[in-house]
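Here is the structure we will look at.
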Amino acid sequence: MVTRITELSEHIGESVTLQGWLYARTDKGKLVFMQVRDGTGIAQCVIFKRDVDEATFETALRLPQESSLTVTGIVRADQRAPGVPGGYELSVQSLQVIQKAEEYPIGPKEHGVEFLMDNRHLWIRSSRQWAILHVRATVMRAIRAWLDRNGYIEVSTPILTPAAAEGTTNLFEVGYFDDRAYLAQTGQLYNEADIFAFSRVYCFGPTFRAEKSKTRRHLTEFWMVEPEVAFCTLEQLLEVEEQLVSYIVQTALKENASELKLLGRDPAKLANMAPPFPRITYDDAVAKLKELQAASSDAEQKQLLDITWGMDFGAPHESALTQLYDKPVFVTGFPSAVKAFYMEPYPGRPEVCKSADLLAPEGYGEIIGGSERISDPDLLLKRIHDQNLPEAAYKWYIELRQYGSVPHSGFGMGVERTVAWICGIEHVREASPFPRLLNRLYP
RNA sequence: UCCUCGAUAGCUCAAUGGCAGAGCAACCGGCUGUUAACCGGUAGGUUACUGGUUCGAGUCCAGUUCGAGGAGCCA
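Numbered as in this note's numbering, the first sequence ends at 1905 without a single skipped number.
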């Protein structure tokens, strides 16, 4: 009978057996402290020389980090015991080494990014990475739970696609027999087909962008959930978004309290995530940014915040805007020219479209991009022509508007950016188990 | 693609143009409450690569490679 570390508190005074790996070890004379990981947590196992035979004590004293083992001992509650969740430790009675590990490269001291990324296959064992990936799993589970509970059906969209939805420069090209195919950048166009069969749908999977971006917010492969809703205006879509995001954050706060604590994330900064989120129009946001720019005394910041109406926001603009709110903020009504061809223009004001980005607080920036889609076939065709897109490739997409077209809206949410925000980490690469970056395809 | 910074022991980093160093990890020893323990000892080097300046280069110069941060683009 094997006990898991998360269940230790239910076995105080009992003899239990753990299976795991040696996370860290220190000794003090006739005493050895072993931090043992079992995948569910970390527990301190204490070996007193007088409690075990000579061979066991010698083994423990020399056991290398990350050796696999089975350990049996009495569970004790002890305030001094470190670990995850901590507070409980094992007085070891017996120890079996399954494999004595070779010298482990990742030690208890600090390491550089390149080294850690080269050792990502081992790095994920570290408590910090373990905590982040736990939160990631919670976020993904919460996304599905909320959508499933609210009448959405998950319909997978293809990864291998014939053409781009939004330009062709950022596509990964792959061979497709005698032809070429591209890795999907979005499932949205297929989602739009799916809503006419299922009304509310979402796709959830990896997305690929061959962008030569070298920033803390970019991966070339990332996970995105894309809900799409029939009979839905932009205003209604924003309500869906704020409810979903709030549910995700609240679920993580509830289920990953110890992980967030391990990450040093202050739960107070996430606690008030509840609808409604503030909304600001692009017009007002530009005016606000100009004020901020005028008020800035830093010359470099002044330069970065420079903006004129019609420009898309850069990272410094998003960052400055989010500092004004303690909740995520919607920016609506972007200029049509900087957004995708399929976004519905505002009636009487075609230079702006029914689009909305959701910017996460504390400078984390865009985690959602969404819009109401053009439902009129003639307008859609015109937009395709205006942008010199190949009409033939979009034949099926235009047909969706010819057989019972309805107002509809949808959005895409980036999982790694959302996880990075919730965890309060610097870089999205830590929010992915094996991140793919501009110069990183190993391991 | 552009801008800035960097590459020295397994890891993190020092070293005024003048003998290649420390901490951690490893190995040996000491210590019955460690939290990245502490104390003593041992071992560990093609200073990213190529060329140049110099009596002498880890250090200065040129080029190359790799990496980090940022911009643009985006979720």
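The beta carbon of each residue, even a glycine, is placed where N, CA and C say it ideally should be.
*Leaving aside the five residues before and after T1534 along the sequence, list all residues of the same chain whose C-beta is less than 6 Å from its C-beta, in chain order.*
Within the same chain, T1534 has close Cβ partners T1479, Q1555 and S1556.
*With DSSP as the reference, please indicate the residues paired to D1906 in a beta bridge.*
With the chain represented from 1463 up to 1905, any question about residue 1906 goes unanswered, as that position is not in the structure.
_Cβ-Cβ distance between P1738 and E1704 below 8 Å_ = A Cβ-Cβ contact shorter than 8 Å links P1738 with E1704.
*Other residues of its chain near I1710: CB distance less than 6 Å, five sequence neighbours each side excluded*: If we look at I1710 and ignore the five residues flanking it on each side, its Cβ neighbours are V1601 and A1604.
*Under the three-state reduction of DSSP, which class applies to T1784: helix, strand or coil?*
In the structure shown, T1784 sits in a helix (DSSP, three-state: H, G or I).
*Leaving out five residues on either side along the sequence, give the residues of the same chain with a beta carbon under 7 Å from the beta carbon of M1686.*
Cβ neighbours of M1686 beyond the five flanking positions: T1669, G1874, M1875, G1876 and V1877.
_Span separating the alpha-carbon of R1850 from that of I1586_ = This sequence places Asn at residue 1850; Arg is not what is there. Answer to the nearest angstrom: the Cα atoms are 45 Å apart.
*Have a look at the DSSP bridge pairing and note the partners of M1875.*
Bridge partners of M1875 according to DSSP: V1687 and I1830.
*Which term fits T1465, buried or exposed, when burial requires 16 or more other beta carbons within 10 angstroms of its beta carbon?*
A residue is called buried when at least 16 other Cβ atoms come within 10 angstroms of its Cβ; T1465 meets this threshold and is buried.
*Per-residue burial, Y1744 [other beta carbons within 10 Å of its own, 16 or more giving buried]*: By the 10 Å Cβ count, Y1744 comes out buried.
*Could you pull out every residue in the same chain whose Cβ sits closer than 6 Å to the Cβ of D1656, ignoring the five residues on either side in sequence?*
Result list for D1656: V1617 and V1663, in chain order.
*With C-beta atoms as the reference, is I1742 less than 8 Å away from V1791?*
Yes; because the gap between Cβ atoms is below 8 Å, this pair is in contact.
*Closest by CA to M1735, which one among M1496, R1542, A1714 and K1801?*
Scanning M1496, R1542, A1714 and K1801 for the CA closest to the CA of M1735 turns up A1714.
*Kindly provide the ranges of any beta strand (DSSP E) runs that are 3 or more residues long and lie completely inside the segment 1464-1548, ordered along the chain.*
Fully enclosed beta strand (DSSP E) runs of 3 or longer: 1477-1490, 1493-1499, 1504-1510 and 1530-1539.
*Please report the residue range of the alpha helix (DSSP H) in which D1641 lies.*
Under the DSSP assignment, D1641 falls outside any alpha helix (DSSP H), being part of the beta strand (DSSP E) whose first and last residues are D1641 to L1645.
*Extent of the continuous beta strand (DSSP E) run through Y1550*: Y1550 to Q1561 is the span of the beta strand (DSSP E), which, as asked, contains Y1550.
*Give every residue of the same chain whose Cβ lies closer than 6 Å to the Cβ of E1673, excluding the five residues on either side of it in the sequence, and list them in chain order.*
If we look at E1673 and ignore the five residues flanking it on each side, its Cβ neighbours are N1632.
*Leaving out five residues on either side along the sequence, give the residues of the same chain with a beta carbon under 6 Å from the beta carbon of D1819.*
Result list for D1819: V1793, E1828 and G1831, in chain order.
*Over what stretch of residues does the alpha helix (DSSP H) that includes I1605 continue unbroken?*
Unbroken alpha helix (DSSP H) run through I1605: S1589 to R1611.
_Contact defined as beta carbons within less than 8 Å: I believe G1475 pairs with I1536. What is the distance between those atoms, to the nearest angstrom?_
About 7 Å separates the two Cβ atoms, so the contact holds.
*Would you list the one or two residues that DSSP bridges to E1635?*
Y1644, per the DSSP bridge assignment.
*asked:* Assuming R1662 is part of the beta strand (DSSP E), what are its boundary residues?
replied: Where R1662 is concerned, the enclosing beta strand (DSSP E) stretches over R1662 to F1670.
*Along the alpha helix (DSSP H) that carries R1845, what are the first and last residues, could you check?*
Counting along the chain, the alpha helix (DSSP H) containing R1845 begins and ends at P1839 to D1848.
*asked:* I'd like to check one pair, Y1652 with P1689: are the Cβ atoms closer than 8 Å?
replied: At the C-beta level, P1689 and Y1652 stay beyond 8 Å of one another.
*Using alpha carbons as the reference points, say which of S1530, L1525, L1484 and P1547 lies closest to L1470.*
Residue P1547 is the option with its Cα nearest to L1470.
_R1611 versus V1702, T1677, R1671 and V1597, residue with shortest Cα-Cα distance_ = The shortest Cα separation from R1611 among V1702, T1677, R1671 and V1597 belongs to V1702.
*asked:* What would DSSP say about A1736, mapped onto helix, strand or coil?
replied: Under the three-state reduction of DSSP, A1736 is assigned to coil, being neither helix nor strand.
*M1579, DSSP secondary structure in three states*: The answer is helix: DSSP assigns M1579 an H, G or I state.
*Can you check whether the CB of E1472 is closer than 8 Å to the CB of Q1506?*
Contact flag unset, no.
*First through last residue of the alpha helix (DSSP H) which encompasses I1939*: With the chain covering 1463 to 1905 only, the question about residue 1939 has no answer from this structure.
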